[in-house]
Structure formats: C-alpha cells, structure tokens
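Residue numbers (my numbering), protein chains in the order written: chain A, 18 to 114; chain B, 74 to 470.
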C-alpha cells in the first residue's frame, strides 16, 4: 500500500469523526433551544441581567450591573484580589460613569 | 488514468510521507505540540464564543432600564421615594423595586445571590412556576419562604429537608422554608440564586423598609428606552441608569480576545511554539542538507525539493490543525471545558455546569489557521529553498 493511501484513510477517518461531531452539534443546538425558552421566562420574570458563571466576586457575578471600580475599592491602591477579575474585560458602558 | 502532473505530485507526496516517517519522533513531537497550541486557542475561542452566544440568546428580556443610586463611586440602596419622582416621566409603564445582594456562607465559603421582587408585576411573571422542578414562587404575603438554585440545595446538603437558615448582619438566624427548586435547564442563570419576597430580603439584609437595592423601569414604547433613560439621568443625577442595550452589550465584551490574562497566556504559548517551530524547521540538519544535495545530483529540480518540503509542512501543520480543533470541540462540548473552567470561575465555590454549544465560525477557524499553519509553512519552506539553491557538491562534501 502506498503511503498516500494510508494518509487518505487517515483523512477519511478524521472526516468521519468531524462529521459525527457536526451532527452532535446540530442535536445539542436543538436541545439548547428548548432550554432557552425556559431561560427566557426566568430572565423576564425575575428581571435577571447576568449569567451565573463566576460566583466569587460581584463584578464577575454581575458584570452588567455591579460597580466597575469594585476591584480597586477595598482600600486606596488595592490591587486585584480575585482571579476572574484578570480574565474578564470591563464592559464598555462602565467606563462612562 | 491519472494525469502525469498529478501522478508526479502523488509520487512527491509518497516521498514526503516516507521522509516524515523516517524522522517520526521529531515530526510527531512537533505535530503534538502544534496540536496542543491549536487546542488551547480553539478551546478558548469556542468556550468564550459559546458563553457570548448564550448571553445574547438568553438576555433578550432583561429589564429595559435599571436605576441604581451611586454615592462616593459605589452603588448603595435607593430610596423608594424615587419611584414617585419617576412616575412624573411620561412613557414609563411600570417601576419594579428590587432588593438583591450577596450572602457569604462562612461554613461553606460560598457566595449566594439573594434576589427579592414582586415577580407578578414583571413580564412573564405568571409563567415563572414553569422554571421550577417543584413548588411555586414566594407570594407577597408568604413570609419565610424561598426558591433556591440547584447548587444551593447541594451545598447546604438539603436533600429531602425543606428548612435552612441564614445569618442576619447581627448574627441572629433567619429560617426559610424551601417552596421551590429551579430546574436544571435554568442552571446558567439560577444556579446560585435564592429568591424570596421583599420583606424577607429586607429582614435578612437589615435594610430599612423605605429602601431597595435598585429599580427596574419598563417603558410603554421600546423605541423610547434611550430617551427615557436620559430623562431619568437628568432628573436623578445621583443615579446610574443602565439600559437594556448596555446590559446586552456587556457579554459581547467581557470574553473578547482582549480579555486580559487569558489572551496573554495563549499568545505566549503561540509565540513559544513559533520559536520552537522555527528552531526545529529552519535549521536543516547536516543529514537533511546531504539528502537535498543527493536529490539534486540525481536530477531533482529546486521546485521538486521545495514541493517535498511544502508537502511535509502542510501535512504536519494541517493534521495538527484538524486534531487540535477536533479535540477543542470535544473538550468544550463533552467535558464542560474542564481545563479552562478554573480560569473562568476563579475561586468560586459554586461551579455552575457549562452545558454549552461550542461556537465555531469560519472566521475563527481562519484566524487560528492563519496564526498557526501559515507561519509554520513559511518557517520550513524558505530554509529548504535557500539550501536547494546551493551547489550540491558543496553540501555533500
């Protein structure tokens, strides 16, 4: 068997795996869409503003509505305390006020 | 019958594959490191894209205008008397007072989000019970009751128990009866949430009855949100007024490529790989130089030698790209982005599950391809060209 034929088999195998993953993504998308209907009710009914991703600091639990200066507010010159503060960007509107 | 030009390329491809296999340890090593870098870049992009997409899809119904009182650069409680002032602005349909805040559970070192409002006044408020596995939302008159998120149930080890207690600021205990549990489908929003009625939240936080945390305003005509927000900002200059659009834009920014440390770490990994690839690929070994010399003596042209190197580099980098991207999808979709999750949640004790659809766009794939594969091709083909233009007898000697 020529080396290029072995490569062809390898590429076919990878295509098969990626095709299966593509089908999985379609299925997951469909499932998540049904969940989003419930999430939309929760957001509207409770007036929620943020996703529950990081719960350690208020400026990463509620980046949309918390104080943008919070990381440096504990005392003058206080440096960032929580790890997530280094990975999350400050929302644009926070710099206005 | 294969055309002659194509047959030649197949032969060169066979030669390239044999050549790669001869130095399999070196080439497999480069390919694995390459795939790892692409995996990290791809995982980060797929995870942050998925979170951004989820936020965009889910946060469509956030409050239209949120009003917070500011003092000395911090948010503080807002007087209920402001509601009366706001009623004088024409176009405001409803103003909903909210009490919300954080409760730090010292025994579990976890932060809970406590939220209280009269949900019957909000859009979809009557349908809220659909989001619960069991029970109902606390009614205005139902004192000492709460609906909790799934992580709260786990961390307080409630199981079948329905009663739990939280400390007031003066360290006296306040008991709550669990009257509802949020379903798994809303984990992305409610995992750390305790919902109660306004009186209970004021009692828990020792907040005066004349104060609330913030106000949510809903307007009659959505096209007037910005105008009414400006009117509120003028009328109440000591407040911060956030509109629905600003809240929705938040998640377009917080996880961007510029989001601090993560991008620095990933770009450092990419640069480190570029240096490794340059070192491994550009410095042709004596054996490789002799091979090129012998091929030239046997009648191979410079173009043929470059084609061999091109095929070798293309195979290594493209396979690494496919493997890296495939592994990144599997990592985010099947393993909840286990490697990146600690970065996203920091020291949080409550870890909401990330059931997300990895976000893959053609633009992202092209960006990763351009940052990784193209520099590698350049780093390998150019030295081969320089070597193949040298007279063969000087290389062999």
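Note that CB positions come from ideal geometry on N, CA and C, so glycine has one too.
Note that the structure is a prediction, hence the values are computed from the model and not measured.
From residue 182 of chain B to residue 422 of chain B, what does the alpha carbon distance come to, in whole angstroms? 7 Å
In chain A, which residues lie less than 7 Å from residue 377 of chain B when you measure between Cβ atoms? Those within 7 Å of residue 377 of chain B in chain A number zero; the least Cβ separation is about 16 Å.
Output the distance between the C-alpha atoms of residue 105 of chain A and residue 327 of chain B, rounded to the nearest integer angstrom. 5 Å
Grab me the residues of residue 304 of chain B's own chain with a C-beta within less than 6 Å of its C-beta, minus the 5 sequence neighbours each way, in chain order. 162
Name the residue from B/75, B/106 and B/113 whose alpha carbon lies nearest to the alpha carbon of residue 405 of chain B. B/113
Got a sec: which bits of the stretch 60-81 of chain A sit with their beta carbon under 9 Å from any beta carbon on chain B, in order along the chain? 60, 61, 62, 63, 64, 65, 66, 67, 68, 69, 70, 71, 72, 73, 74, 75, 77, 78, 79, 80 and 81
Beta-carbon neighbours of residue 327 of chain B, restricted to chain A and to distances below 7 Å: 80, 105, 106 and 108
Could you check whether the stretch 448-466 of chain B touches the stretch 220-236 of chain B, counting it as contact only if at least three pairs of C-beta atoms, one from each stretch, sit closer than 8 Å? no
Boundaries (first-last residue) of the beta strand (DSSP E) holding residue 471 of chain B: As shown, chain B starts at 74 and ends at 470. That puts residue 471 of chain B outside it, with no answer to give.
Using the three-state DSSP reduction, which class does residue 405 of chain B fall into: helix, strand or coil? helix
Is there a Cβ of chain A sitting closer than 9 Å to that of residue 130 of chain B, yes or no? yes
Given this structure, state the Cα-to-Cα distance separating residue 371 of chain B from residue 363 of chain B, to the nearest angstrom. 12 Å
For residue 174 of chain B, which option in B/130, B/265 and B/198 has the closest C-alpha, if you only look at C-alpha atoms? B/265
Considering only residues of the stretch 22-106 of chain A, which uninterrupted alpha helix (DSSP H) runs meet the minimum length of 4 residues and lie entirely inside it, listed in chain order? 75-78 and 101-104
For my contact list, residue 205 of chain B and residue 249 of chain B are in at a C-beta cut-off of 8 Å; report their separation, rounded to the angstrom. The Cβ separation is near 16 Å, so there is no contact.
So, residue 65 of chain A versus residue 201 of chain B, is the Cβ gap smaller than 9 Å? no
Let me know the secondary structure DSSP gives residue 148 of chain B once reduced to three states. strand
Which residue marks the beginning of the alpha helix (DSSP H) containing residue 275 of chain B, and which one marks its end? 271-278
What separation, rounded to the nearest whole angstrom, lies between the Cα atoms of residue 315 of chain B and residue 102 of chain B? 52 Å
So, is the C-beta of residue 26 of chain A closer than 9 Å to a C-beta in chain B? no
DSSP on residue 198 of chain B, reduced to helix/strand/coil? helix
Comparing the C-beta of residue 147 of chain B with each C-beta of chain A, is any distance below 9 Å? yes
C-alpha gap between residue 449 of chain B and residue 347 of chain B, whole angstroms: 7 Å
Alpha helix (DSSP H) segments (min. 4 residues) lying fully within the stretch 283-368 of chain B: 298-308, 317-326 and 334-355
Does the beta-carbon of residue 151 of chain B have 16 or more other beta-carbons within 10 angstroms, so that it is buried, or is it exposed? buried
CB-CB length for residue 164 of chain B against residue 292 of chain B, believed under 8 Å: 5 Å
Measure from the alpha carbon of residue 325 of chain B to the alpha carbon of each residue in B/180, B/130 and B/91, then state which is nearest. B/130
Distance check for residue 137 of chain B and residue 24 of chain A, CA to CA, integer angstroms please. 57 Å
Measuring alpha carbon to alpha carbon, tell me which residue in B/235, B/403, B/229 and B/299 is nearest residue 208 of chain B. B/235
Considering only the alpha carbon of each residue, which of A/27, A/100 and A/74 lies closest to residue 395 of chain B? A/27
Residues of chain A with CB closer than 8 Å to the CB of residue 141 of chain B, please, in chain order. 82
What does residue 140 of chain B pair with, by DSSP beta-bridge criteria? B/288 and B/314
May I ask which residues mark the beginning and end of the beta strand (DSSP E) holding residue 189 of chain B? 183-190
Applying a beta-carbon distance threshold of less than 8 Å, which residues of chain A neighbour residue 265 of chain B? 69, 72 and 78
Closer than 9 Å to chain A by CB, residue 452 of chain B: no
Any residues in the stretch 394-409 of chain B with a beta carbon nearer than 9 Å to a beta carbon of chain A? Which ones, in chain order? 395, 396, 398, 399, 402, 403, 406 and 407
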